[in-house]
Amino acid sequence: MSKNVRPMTPVGQINMTEGEWRSRVECAAGHHLLELYHLTDMVEGVLGVRVEDEPDAYLLKTYRTFFDEVCAPDFIKLRLEKESDQEIGRSLHYRRRALKFRPGGRMTWRKNDLERPRLF
Numbered sequence: 003m004s005k006n007v008r009p010m011t012p013v014g015q016i017n018m019t020e021g022e023w024r025s026r027v028e029c030a031a032g033h034h035l036l037e038l039y040h041l042t043d044m045v046e047g048v049l050g051v052r053v054e055d056e057p058d059a060y061l062l063k064t065y066r067t068f069f070d071e072v073c074a075p076d077f078i079k080l081r082l083e084k085e086s087d088q089e090i091g092r093s094l095h096y097r098r099r100a101l102k103f104r105p106g107g108r109m110t111w112r113k114n115d116l117e118r119p120r121l122f
């Protein structure tokens with residue numbers, strides 16, 4: 003795992019709800035678990051989490067970020083019908099149809115060699 007550890011910023015210092023912060027922490031933990039169990043052979047693999055208080059929003063890591071580098075504040079919030087909240091220099095190359103596949107799903111995991119995402 004990466005030795006670049008950053009302290010977690012308390013929710014009060016970030017402009018987001020408690021539910022979104024919990025979703026970000028869960029998604030970061032999921033990425034680190036996938037790394038721990040060696041399930042991250044490709045950087046393009048995707049683990050996304052639906053934001054707790056916003057049913058039309060998902061959290062995804064930026065493109066070309068390794069799973070052991072992911073931190074809770076680093077995720078990009080992607081809404082199905084709106085533009086993402088990505089900043090300059092934060093690339094996002096995911097397809098929205100992968101998230102529309104099953105709108106009832108809370109999490110999605112996709113690798114490029116699969117035909118469609120698996121939703122849990």
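Counting in this note's numbering, the sequence shown runs from 3 upward without gaps.
Positions of the beta carbon are idealized from the N, C-alpha and C atoms, including for glycine.
Being a predicted model, the structure only gives us computed values, none of them experimental.
Assignment of VAL27 by DSSP, reduced to helix, strand and coil, places it in the helix class. In this structure, the straight-line span from the alpha carbon of LEU38 to that of THR67 is close to 16 Å. Looking from the CA of GLY32, the closest CA among PHE69, PRO75, ASP76 and ARG81 belongs to PHE69.
Close CB contacts of GLU54 within its chain, under the 7 Å cut and outside five residues either way in sequence, are with GLY21, GLU22, ARG24 and SER25 (chain order).
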